[in-house]
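So the sequence shown is numbered by the working numbering: it starts at 6 and just counts up by one. Working notes, beginning with the structure itself.
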Amino acid sequence: VCCRFIYETEHFNGVAELLEILGSIINGFAMPLKSEHKQFLVKVLLPLHTVKVLSLFHAQLAYCVVQFLEKDPQLTEPVIRALLKFWPKTCSQKEVMFLGELEEILDVIESNQFVKIQEPLFRQIAKCVSSPHFQVAERAMYYWNNEYILGLMEENISTILPIVFGSLYRVSKEHWNQTIVALVYNILKTFMEMNSKLFDELTASYKAERQRERKREKEREDLWQRLEELQLQQSPNNNSARAAGTS
């Protein structure tokens, strides 16, 4: 039924109720998980994230996924990589749902599994923090209110901070929404307290790179201006030459 719903038609009543029952069944699975149970997660539950009407059953789906990860933490990496692969490109409502589910997963993740996915995960979180859509940016920043996730960040700050720093710094200077700017300042303050040396190094590096970018932009503008001036200078000469040839 679920496969037909995913691959053939997105019209099927009762998916939420079906997933609710499945959640109870998954909770009762014996350990170690059978291969067919893992296949069900990979081939059915994860692709369900791609359907247009995800909001109708997302809470039940996320519960099923988390139940699997509590049974077998080794599944965490493929699950998170699948969510990143299926990440919504144009629907902010779905992005907020994905961020909520990811936080549920991070609440049960083990440290040794976290290090396997921290880089692609925080590249995506950095994009969400930079989102012009207020709710997406705000939901991503709620991760910094989660003490367990904060602990994971602190353990791996030398990897995570360089990934997210540029986005956070840009948002603090450029975002249109003052609530988002205030949240970002709190996040930057938290990171500075975690590792002030790394924070200062990244700040200096970011500012230097911005100066180089501004210099390159100025050089491009100057080049275009010179080309336009040259074109204007040549135009009268070309007109004179054509006039002389005609006479």
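A virtual CB, placed ideally from N, CA and C, is assigned to each residue, including glycine. These figures come from a predicted structure and were not determined experimentally.
- Look at Glu-198 here: in three-state DSSP terms it is helix.
- Uninterrupted alpha helix (DSSP H) stretches at least 4 residues long and entirely within the region 120–171 occur at 139–146, 152–160, given in chain order.
- Pairing Lys-43 with Leu-80 gives a Cβ-Cβ distance under 8 Å.
- DSSP places Asn-117 in the helix class (H, G or I) of the three-state scheme.
- A buried status is given to Met-102, since no fewer than 16 other beta-carbon atoms sit within 10 Å of its beta-carbon.
- The beta carbons of Glu-159 and Gln-118 sit no closer together than 8 Å.
- If you compare the alpha carbons of Val-134, Asn-200, Phe-139 with that of Tyr-174, the shortest gap goes to Val-134.
- Ala-213 has its alpha-carbon roughly 10 Å from the corresponding atom of Arg-219.
- Three or more beta-carbon pairs separated by less than 8 Å link the region 125–140 to the region 90–106, which places the two stretches in contact.
- Comparing alpha carbon positions, the residue from Leu-66, Asp-77, Ile-85, Lys-57 closest to Lys-94 is Lys-57.
- Sequence-distant partners of Val-176 (beyond 5 residues in either direction) whose C-beta falls short of 8 Å from its own C-beta, in its chain, are Val-134, Ser-135, Ala-142, Ile-185, Val-186, Val-189.
- Linking Glu-109 to Ser-60 through their CA atoms gives a straight-line distance of about 16 Å.
- In this structure, Val-120 places its C-beta atom within 8 Å of the C-beta atom of Asn-161.
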